[in-house]
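Numbering (the numbering used here), first residue to last: 3 to 62.
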């Protein structure tokens, strides 16, 4: 059992060595894009919900 755990951890270490991590600039740019797109979708859903609620409220 412990041999399998050790083998697993060794494989994880080998795979992690193969990873190409993004630079700080790439990470910041990607994070900014994610935040901006999230805010845009949040506002879109908020206003769509608000308008639909007002239309339904007006009809009933």
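Just so you know, even glycine gets a beta-carbon here, dropped at the ideal spot from N, CA and C.
Residue 13 and residue 6 have their alpha carbons spaced roughly 10 Å apart.
Residue 26 and residue 32 have their C-alpha atoms spaced approximately 10 Å apart.
The DSSP-derived three-state label of residue 22 is coil. It is roughly 16 Å from the alpha-carbon of residue 43 to the alpha-carbon of residue 54.
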